[in-house]
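Reviewing the structure listed below.
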Ligand SMILES: O=C(O)CCC(=O)C(=O)O
Ligand SMILES: [Fe+2]
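Residue numbers (the working numbering): 40 to 429.
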């Protein structure tokens with residue numbers, strides 16, 4: 040595998056982001072609120088970090104903070120089990136998966152940081168610069184989505200209130216386009232009319248439509264079980280807990296719709312502004328490959344250190360290092376009490392769902408190329424076909 044690297048061994052894509060991260064963020068103008076079709080966008084909250092993201096300059100391969108697994112006493116028992124055979128199995132599993140991802144990356148479209156679309160450019164620019172934008176659905180659309188999805192959210196809520204041990208999947212219900220065709224078409228139409236699909240498509244280099252929807256619920260009880268007490272700033276005890284990037288390949292855009300009113304205490308989405316441009320190809324490939332593979336811990340830990348980093352890293356980094364402090368300093372809390380639509384680049388560092396009181400209902404929206412979905416009868420293409428069949 041060949042990755043274009045700079046003199047420090049950093050992948051080429053992150054070279055540009057280093058330069059950008061070094062620019063004092065305060066100089067960057069905050070985007071003005073702009074109305075774009077049905078979607079109202081507000082300015083993101085704080086400025087970019089004053090000193091960039093506090094990158095680990097000693098580390099040549101990873102721009103995001105790296106986990107020091109050997110230093111963790113609770114993992115010692117796994118390290119004790121590592122043999123040459125386990126090391127070999129770990130690589131045998133990892134390398135083909137990495138290679139497959141690398142090949143697909145070569146064919147995939149790249150994010151377009153300079154693209155312009157005319158109407159909607161203000162939002163596109165804010166998205167390109169910050170990696171996250173907060174907006175609002177039209178009140179009619181919001182009411183209709185809330186009414187339709189509330190019963191599903193209540194079912195998840197009941198489950199979260201009774202289970203003794205809660206896994207991530209317990210808080211989510213994926214929705215199939217064939218089962219909810221009107222919902223898929225309604226969400227896609229609202230995002231289209233609001234200019235969101237234009238922004239996402241320009242950024243992703245190809246026309247996008249709605250691929251998948253999932254309802255997610257987080258509660259104060261679930262949060263306490265997972266993270267302990269949440270402090271007044273909405274952060275968990277381990278300050279970097281749950282920091283992650285997503286592991287999907289393309290496109291790197293995602294939308295979240297709050298279905299309940301979300302303020303600081305209801306576990307808003309949180310995003311490290313500007314972090315969507317930090318990882319180079321090599322880092323993204325390694326972290327995402329490991330996330331998707333879900334090798335047993337012993338096998339993951341048996342990988343060579345260069346391959347032993349993960350998309351979900353926040354629980355394993357040292358929160359006192361400059362890299363971690365940089366992420367925390369640039370993290371923004373994405374809510375304003377009224378807005379309900381979040382657009383983000385999921386190559387950026389993010390987390391959310393630290394509920395202090397009550398709960399948060401939300402709808403997660405994933406996208407794919409319209410042409411690809413039509414070929415495979417997926418997503419909004421499948422929903423439209425299901426509607427025609429009735
Ligand atoms: O719970 C949250 O706010 C985080 C959501 C998230 O990580 C995602 O949608 O990829
Ligand atoms: Fe995520």
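Beta carbons are placed, not taken as given, at the ideal position from N, Cα and C, and that holds for glycine. These numbers were taken from a predicted model, which means no experiment stands behind them.
In the DSSP assignment, residue 296 forms a beta bridge with 380, 402. In terms of side-chain proximity, the C-beta atom of residue 384 is found no nearer than 7 Å to any non-hydrogen atom of ligand 2. For residue 365, the enclosing alpha helix (DSSP H) starts and ends at 361-368. Using a cutoff of 7 Å, the CB of residue 392 counts as near ligand 1, since one of the ligand's heavy atoms is closer than that. Just measuring C-alpha positions, the residue of 322, 314, 273, 288 sitting nearest residue 305 is 273. In terms of Cβ geometry, residue 262 and residue 269 form a close pair [threshold 8 Å]. By the neighbour-count criterion, in which a residue is buried when 16 or more other Cβ atoms sit within 10 angstroms of its Cβ, residue 220 is buried.
With fewer than 16 neighbouring CB atoms inside 10 Å of its own CB, residue 217 falls in the exposed class.
Assignment of residue 418 by DSSP, reduced to helix, strand and coil, places it in the helix class.
The nearest non-hydrogen atom of ligand 2 is less than 7 Å from the C-beta of residue 285. Non-local C-beta neighbours of residue 413 in its own chain, meaning closer than 8 Å and more than five positions away in sequence, comprise 420, ordered along the chain. With a cutoff of 7 Å, residue 278 does not count as near ligand 1, since its C-beta is closer than that to no heavy atom of the ligand. With a beta-carbon spacing of about 19 Å, residue 277 and residue 330 fall beyond the 8 Å limit used to define contacts. Inside the segment 151-220, DSSP marks whole beta strand (DSSP E) runs of 3 or more residues at positions 171-175, 211-214, from first to last along the chain. DSSP places residue 389 within a strand segment (E or B) once states are collapsed to three. At a Cβ-Cβ threshold of 8 Å, residue 309 and residue 372 count as neighbours.
Note on residue 426: under 16 other CB atoms within 10 angstroms of its CB, so exposed under the neighbour-count rule. A distance below 6 Å between beta-carbons, with the five flanking residues on each side excluded, links residue 244 to the following residues of its chain, in chain order: 148, 151. The Cβ atoms of residue 339 and residue 103 do not sit closer than 8 Å to each other. At a cut-off of 7 Å, the beta-carbon of residue 389 counts as near ligand 2: some heavy atom of the ligand is closer than that.
Residue 123 is classed as exposed because its beta carbon has fewer than 16 other beta carbons within 10 Å across all chains shown. Closest in C-alpha terms to residue 313, from the list 336, 384, 411, 188, comes 384. A contact is defined here as three or more CB-CB pairs under 8 Å, and the segment 335-349 fails this definition with respect to the segment 398-416. The residue among 174, 112, 106, 131 with its C-alpha nearest the C-alpha of residue 378 is 174. Relative to ligand 1, even the nearest heavy atom lies 7 Å or more away from the CB of residue 151. Annotation for residue 255: 210, 211, 401, 403 place their beta carbon closer than 7 Å to its own, counting only its chain and skipping 5 residues before and after.
For residue 287, there is no enclosing beta strand (DSSP E), as DSSP marks it with neither H nor E. Non-local beta-carbon contacts of residue 424 in its own chain, meaning distances under 7 Å to residues more than five positions away in sequence, involve 416 in chain order.
Ranked by Cα distance from residue 125, the first of 135, 364, 389, 342 is 342. Here residue 304 carries a coil assignment [DSSP, helix/strand/coil]. Secondary structure at residue 408: strand, using DSSP grouped into helix, strand and coil.
Around the beta carbon of residue 349, 16 or more other beta carbons sit within 10 angstroms, so the residue counts as buried.
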